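Data first, discussion second: the structure below is written as structure tokens.
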Amino acid sequence: MPAKPSIKEIRFFMRNVRTRMPFKYGAATLTSVPILHLSLTAEYADSTTSRGWAADILPPKWFDKDPAKDYADNVADLIWAARTAAGVYGEAARTYRTVFDIWMDGYTATLREGDARGLNHLTAAHGSTLVERALVDAVGVAGGKPYHTTLADGDLGLDLASLHGELREMLTRDAVAPRPLDAVAIRHTVGMADPIRRDDISPAERLDDGLPQALEDYVSEQGLSYFKVKVNGDLLADLNRLREITSVLDDGCRGDYTITLDGNEQYGDLGEFLQLLRRIREEAAL
-11 MPAKPSIKEI RFFMRNVRTR MPFKYGAATL TSVPILHLSL TAEYADSTTS RGWAADILPP
49 KWFDKDPAKD YADNVADLIW AARTAAGVYG EAARTYRTVF DIWMDGYTAT LREGDARGLN
109 HLTAAHGSTL VERALVDAVG VAGGKPYHTT LADGDLGLDL ASLHGELREM LTRDAVAPRP
169 LDAVAIRHTV GMADPIRRDD ISPAERLDDG LPQALEDYVS EQGLSYFKVK VNGDLLADLN
229 RLREITSVLD DGCRGDYTIT LDGNEQYGDL GEFLQLLRRI REEAAL
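Laid out in structure tokens, this is it:
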């Protein structure tokens, strides 16, 4: 039987942190960021309670690329979305209901409120996901189960048919592996400001904290084989950087490796991006 919680209390906490290294993606370079934490207390029909947690960073220009908005505007919008989601989820969970039913009403209401404020759905949904994650966590805590078991046992009350009619004969367990993976591969993101080789790091920028800093060191110390490389929309600069990166990976990776590209909306013209892909296909080194 699915768990049926109500939401008794939601509390927020904020922590401001500095990044270990500048992370440049698209139009933004992240050097510090607030992390929003959410604590949710769920109550059940037998008067027992459980607490779930969720947290996420509030990054600039990640969900909303509007150039008229600055970092403070982006953070304010994300905080507003989280507080709004807390309110509408609380209304949706005044009585004991399944997590799925609470989510359906809470998610829809959060997007609707975001529309009224002029926010895009990525920004508004970020608030919804925080509450959703904390609620799922609370149900898992109440049942003493990890997420995989909570999902497979149907504790969240997912109604797949309400999302896609063709799934009406499918149970959640049918879509979940019998057991969780024992390990996952790390995908390393190479930001546009990341040093590629050790020699790229000036003495003033060297961290000397015992952890990798240049891509060259990450590859040699962590045995990486999956990479996401940020590109910035400058064809020649991107090609030169990709050549340098693939040279490091050819020398350092212990076997085959895979690269995906992430442009963060930096290629304003599809033709220019297609030219980048053509050049990559034409160069044997890439």
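With my numbering applied, the sequence shown covers -11 to 274.
Even glycine gets a Cβ: it sits at the ideal position worked out from N, Cα and C.
Keep in mind that this is a model prediction, so the values were computed, not measured.
From what residue to what residue does the alpha helix (DSSP H) around residue i run?
i      : result
Asp238 : 223 to 240
His152 : That residue, His152, is in no alpha helix (DSSP H); it is neither H nor E in DSSP.
Thr98  : 87 to 105
Arg186 : Unbroken run through Arg186: none, as it is neither H nor E.
Phe261 : 258 to 270
Asn62  : 59 to 80
Arg161 : 160 to 163
Find the nearest neighbour of residue i within the set the options, judged by alpha-carbon distance.
i        : options                        : result
Pro10    : Asp226, Ile189, Gln263, Gly259 : Ile189
Ala272   : Leu258, Gly240, Glu260, Leu227 : Leu227
Ala30    : Val129, Tyr59, Ala15           : Val129
Trp68    : Ala113, Tyr84, His136, Arg85   : Ala113
Met(-11) : Leu139, Ile90, Arg156          : Leu139
Arg100   : Ser208, Glu120, Glu79, Thr72   : Thr72
Ala70    : His25, Ile(-5), Tyr59          : His25
Thr246   : Val87, Ala171, Val207, Glu79   : Val207
Asp222   : Lys57, Gly256, Asp89, Lys53    : Gly256
Asp182   : Leu203, Arg167, Ala165, Leu195 : Leu203
What whole-angstrom Cβ distance do residue i and residue j have, given they're in contact under 8 Å?
i       : j      : result
Asp93   : Ala42  : Contact flag wrong, Cβ pair sits at about 18 Å.
Val219  : Gln263 : About 12 Å; that fails the 8 Å criterion.
Ile(-5) : Ala97  : Wrong, their Cβ atoms sit about 13 Å apart, outside the cutoff.
With residue i as the anchor, note down where its beta strand (DSSP E) starts and where it stops.
i      : result
Leu249 : 246 to 250
Asn4   : -6 to 13
Thr177 : 175 to 178
Asp44  : 37 to 45
Val217 : 214 to 218
Looking at the ligand ATP, does it come within less than 7 Å of residue i, judged from the CB to the closest heavy atom?
i      : result
Asp222 : With respect to the ligand ATP, the structure offers nothing, as it holds no ligand at all.
Going by the DSSP bridge assignment, what does residue i pair with across the sheet?
i     : result
Leu18 : Phe11
Glu31 : Ser(-6), Thr37
Leu24 : Met2, Asp44
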